[in-house]
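Below you'll find the structure, written out as structure tokens, and then a few comments.
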Amino acid sequence: MFVRGLKRKCFDGEEDIEGTLAGIKAIPSYNLQRQSLLDMSLVKLQLCHMLVEPNLCRSVLIANTVRQIQEEMTQDGTWQMINTQSTGQASLDRLVSTDILCRSSRDQAEEKHGPAYGTFNKDFEGDQAQDSSETMSTVSAVQAPRNLQNNVWEMESPQENKGNFQKSLDQIFETLENKSPNTVEDLFSEVDNSYYDLDTMLTGMMSNTKMGHCDSLETFSSPTNTASNSNCKSDLNDLDHIVEILVES
Amino acid sequence: ADIISTVEFNHTGELLATGDKGGRVVIFQREQESKNQPHRRGEYNVYSTFQSHEPEFDYLKSLEIEEKINKIRWLPQQNAAYFLLSTNDKTVKLWKVSERDKRPEGYNLKDEDGRLRDPSMITVLRVPVLRPMDLMVEATPRRVFANAHTYHINSISVNSDYETYMSADDLRINLWNFEITNQSFNIVDIKPANMEELTEVITAAEFHPHHCNTFVYSSSKGTIRLCDMRTAALCDRHAKFFEEPEDPSNRSFFSEIISSISDVKFSHSGRYIMTRDYLTVKVWDLNMENRPIETYQVHDYLRSKLCSLYENDCIFDKFECVWNGSDSVIMTGSYNNFFRMFDRNTKRDVMLEASRENSKPRAILKPRKVCVGGKRRKDEISVDSLDFSKKILHTAWHPSENIIAVAATNNLYIFQDKVN
Chain L
1 MFVRGLKRKC FDGEEDIEGT LAGIKAIPSY NLQRQSLLDM SLVKLQLCHM
51 LVEPNLCRSV LIANTVRQIQ EEMTQDGTWQ MINTQSTGQA SLDRLVSTDI
101 LCRSSRDQAE EKHGPAYGTF NKDFEGDQAQ DSSETMSTVS AVQAPRNLQN
151 NVWEMESPQE NKGNFQKSLD QIFETLENKS PNTVEDLFSE VDNSYYDLDT
201 MLTGMMSNTK MGHCDSLETF SSPTNTASNS NCKSDLNDLD HIVEILVES
Chain H
1 ADIISTVEFN HTGELLATGD KGGRVVIFQR EQESKNQPHR RGEYNVYSTF
51 QSHEPEFDYL KSLEIEEKIN KIRWLPQQNA AYFLLSTNDK TVKLWKVSER
101 DKRPEGYNLK DEDGRLRDPS MITVLRVPVL RPMDLMVEAT PRRVFANAHT
151 YHINSISVNS DYETYMSADD LRINLWNFEI TNQSFNIVDI KPANMEELTE
201 VITAAEFHPH HCNTFVYSSS KGTIRLCDMR TAALCDRHAK FFEEPEDPSN
251 RSFFSEIISS ISDVKFSHSG RYIMTRDYLT VKVWDLNMEN RPIETYQVHD
301 YLRSKLCSLY ENDCIFDKFE CVWNGSDSVI MTGSYNNFFR MFDRNTKRDV
351 MLEASRENSK PRAILKPRKV CVGGKRRKDE ISVDSLDFSK KILHTAWHPS
401 ENIIAVAATN NLYIFQDKVN
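Chains L and H supply the protein sequences, listed in that same order.
The numbers in the UniProt record's numbering rise by one with no breaks, and the one at position 8 of the first sequence is 8.
The numbers in the UniProt record's numbering rise by one with no breaks, and the one at position 362 of the second sequence is 362.
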């Protein structure tokens, strides 16, 4: 079990977080960090496909990290509470994660293009109709641009927003929860034949998962730019363009 | 010049081989020490360069196979020629490097240019003689060991019997005989029946330096297994299992990733193994499985930066580690072109930098220091200023002398002990 007191070790952009969430007195939420890490890991698994076979060791390590987070979230009860759609005593923590995950209807108007849906759209092979409709609904719930993070703690019409959030979250977590095969395990079924299948496995999941954390995390990440980082960024630039089209249509 | 991906001295230290991302192998040879300048020890000059591997395309999977040389291992010298194994992700090749300094002259049927002579014009027979020529070093591929690995080869290791060697990929280890290229024995297979259950991969493997039946392999979960090939044909059951219990106070989401072992090396004596994980180097006694006998922190100041390093993928960098000839000092690389040496006896350690800007040729290297806190002394570098794109993953130590080779991206540095 993870002790709350350890959160400072596992997330090292803290000074930046506190700068961004200006004026917020609460320390960064452990759940928020954990959620960010989960999203980042899922992005890594998806974006790691290239013309060359992806590194199996890296994929296994990332998948294990995702599994670990999922298990902890299940134990915490975070998973179940969201799934049951209870509007009961939702803790501020969960609302925060929710807010980061989903855009409020108020902010849709001023939305800049968020990152990260394009690759998954490009790679969709099956279930295109279903996936694209889900994508459209979640594009509207795409992650807030940086300015929204400053408003993260302001809930103007929390009740109404919460309803929207819950609905969008459901879509997101539906594909992540343990129904039949665990999504993480899905990652490795048929990896023997072709690493391409990782993509098809993940597209079902990724279409419903908010990707945008790369963007928020850029504010937290170290200033050092490595070569691998540039791959991620050039992909994101392409995706910006594609999401822009999606949003405008 | 391309990014260097492996560095290896041969068994005498006379030759130093490097492999790069473009599939090329460059071999350096140490100059004979001249009588005129006894204080100036032999320097390494280029001896041979050849293209070992070419990029390939796997048509079945529609994926490229990189030509990057993952590992080079020398065979012990048995005649005038040198032999080495070089491997990329999928194929191992045995190369013969030999010298030619004479050439035959005076053939009857062809002239010196190689053109055939008209037989009817030949009136006199002569015996060809060998005449000296400029030294030429030729590299020829003698064996190609292909199509035995579904996953990416991370290690090769020559057995002490000099007849066999092993190649290890993420899930399997194969045993080869040098003479046979169309068959190999599978000696370790950790692929689960259901790939969805895959949680652990093989990261490195090596044969024991003296016992030809013993080898070790390390995993992404921070464990080392020692196997004895005499017990069974398929060494799925280990003879020894080395794992250090986790420190609960250091637990984080990245604990497993940083525990993944990137390199494992037997000591020359065969009594110890050294493992490298992301933040530490550990020395294990083969007789004690439950914890290492020594642990050295390579760059503990990165422990608080793990999330950033995870995001930019640096946390997956695979650093190698090496022993010196007498097993008294161990060396490994770090970021910012730093590398570290730990003296096991005196417990002293030093961090040095391989960089042209910060050291002149023949100047003694200055120890470097990274500071974590706010107060930075002169000459110290702060953690946030480290350049994570400058990583020293590959180093090598001469088998008997204090000469080290350090690969810093696309540059090779060779350092020697100062001679008085």
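All residues carry an ideal CB built from backbone N, CA and C; glycine is no exception.
Should residue i and residue j be called a contact, given that it needs their Cβ atoms to be closer than 8 Å?
| i | j | result |
| --- | --- | --- |
| PHE266 of chain H | PRO192 of chain H | no |
| ASP349 of chain H | TYR278 of chain H | no |
| LEU306 of chain H | SER252 of chain H | yes |
| LYS90 of chain H | PRO141 of chain H | no |
| THR6 of chain H | HIS268 of chain H | no |
| SER218 of chain H | CYS57 of chain L | no |
| SER154 of chain H | ASN70 of chain H | For the sequence presented, residue 154 of chain H should be read as Asn rather than Ser. Yes; because the gap between Cβ atoms is below 8 Å, this pair is in contact. |
| ILE4 of chain H | ALA396 of chain H | no |
| THR332 of chain H | VAL281 of chain H | yes |
| ASN312 of chain H | PHE242 of chain H | no |
Run through DSSP, which three-state label would residue i get?
| i | result |
| --- | --- |
| ASP20 of chain H | strand |
| MET331 of chain H | strand |
| VAL7 of chain H | strand |
| MET288 of chain H | coil |
| LEU412 of chain H | strand |
| LEU85 of chain H | strand |
| MET133 of chain H | strand |
| VAL298 of chain H | coil |
| GLU246 of chain H | coil |
| CYS212 of chain H | coil |
| LYS305 of chain H | helix |
| ILE190 of chain H | coil |
| PHE185 of chain H | strand |
| TYR310 of chain H | helix |
| GLU53 of chain L | coil |
| MET341 of chain H | strand |
| TYR217 of chain H | strand |
Would you tell me roughly how many angstroms separate the C-alpha atoms of residue i and residue j, rounded to the nearest one?
| i | j | result |
| --- | --- | --- |
| GLY19 of chain H | ALA168 of chain H | 18 Å |
| LEU84 of chain H | HIS11 of chain H | 11 Å |
| ALA405 of chain H | GLY13 of chain H | 11 Å |
| PRO245 of chain H | ASP417 of chain H | 38 Å |
| THR275 of chain H | PRO128 of chain H | 57 Å |
| ASN88 of chain H | TYR59 of chain H | 18 Å |
| ILE173 of chain H | GLU72 of chain L | 34 Å |
| VAL372 of chain H | SER385 of chain H | 11 Å |
| GLN35 of chain L | SER308 of chain H | 15 Å |
| ARG230 of chain H | MET166 of chain H | 15 Å |
| ALA146 of chain H | GLU54 of chain H | 13 Å |
| PHE57 of chain H | SER382 of chain H | 44 Å |
| TRP95 of chain H | GLU138 of chain H | 10 Å |
| ASP228 of chain H | ALA239 of chain H | 6 Å |
| ASP236 of chain H | VAL216 of chain H | 12 Å |
| residue 421 of chain H | GLU320 of chain H | Outside the modelled stretch of chain H, which goes from 1 to 420, sits residue 421 of chain H, for which no answer is possible. |
| SER259 of chain H | LYS318 of chain H | 12 Å |
| SER157 of chain H | VAL25 of chain H | 18 Å |
| PRO399 of chain H | LYS110 of chain H | 47 Å |
| PHE28 of chain H | VAL97 of chain H | 12 Å |
| MET351 of chain H | ARG368 of chain H | 5 Å |
| ARG143 of chain H | LYS378 of chain H | 55 Å |
| LYS102 of chain H | LEU125 of chain H | 22 Å |
| ILE364 of chain H | VAL43 of chain L | 46 Å |
| TYR82 of chain H | MET136 of chain H | 14 Å |
So the candidates are the options; which of them puts its Cα closest to the Cα of residue i?
| i | options | result |
| --- | --- | --- |
| PRO250 of chain H | H:MET229, H:SER304, H:TRP323 | Before going further, note that residue 250 of chain H is Asn rather than Pro in the sequence given. Checking every option, the nearest Cα to that of ASN250 of chain H belongs to H:SER304. |
| GLY23 of chain H | H:ILE72, H:PHE9, H:ARG30 | H:ILE72 |
| THR203 of chain H | H:LEU15, H:ILE224, H:GLN183 | H:ILE224 |
| ARG344 of chain H | H:ARG356, H:SER326, H:ASN358, H:PRO361 | H:SER326 |
| HIS149 of chain H | H:THR164, H:ILE122, H:LEU125, H:PHE185 | H:PHE185 |
| ASN337 of chain H | H:ASN324, H:GLU179, H:HIS299 | H:HIS299 |
| VAL46 of chain H | H:ALA17, H:ASP387, H:LYS61 | H:ALA17 |
| ILE190 of chain H | H:PHE207, H:ASP170, H:ILE180 | H:ASP170 |
Interface residues of the segment 252 to 263 of chain H facing chain L [CB-CB below 8 Å]: SER252, PHE253, PHE254, GLU256, ILE257, SER260
Selection of the segment 205 to 237 of chain H by Cβ proximity to chain L, strictly under 8 Å: SER220
Members of the segment 193 to 205 of chain H near chain L, C-beta cut-off 9 Å: ASN194, MET195, GLU196, GLU197, LEU198, THR199, GLU200, VAL201, ILE202, THR203
Residues of the segment 168 to 189 of chain H with Cβ closer than 7 Å to any Cβ of chain L, in chain order: ASP170
Members of the segment 313 to 324 of chain H near chain L, C-beta cut-off 9 Å: ASP313, CYS314, ILE315, PHE316, LYS318
Members of the segment 48 to 74 of chain H that neighbour chain L once the beta carbon cut-off is set at 9 Å: ASP58, LEU60, LYS61, SER62, LEU63, GLU64, ILE65, GLU66
Interface positions of the segment 141 to 159 of chain H facing chain L (Cβ-Cβ less than 9 Å), listed along the chain: THR150, TYR151, HIS152, ASN154
Residues, ordered as in the chain, of the segment 296 to 313 of chain H that lie near chain L by beta-carbon distance below 8 Å: ARG303, SER304, LYS305, LEU306, CYS307, SER308, LEU309, TYR310, GLU311, ASN312, ASP313
Where the segment 56 to 68 of chain L meets chain H: residues whose CB sits under 7 Å from a CB there: LEU56, CYS57, ARG58, VAL60, LEU61, ASN64, THR65, GLN68
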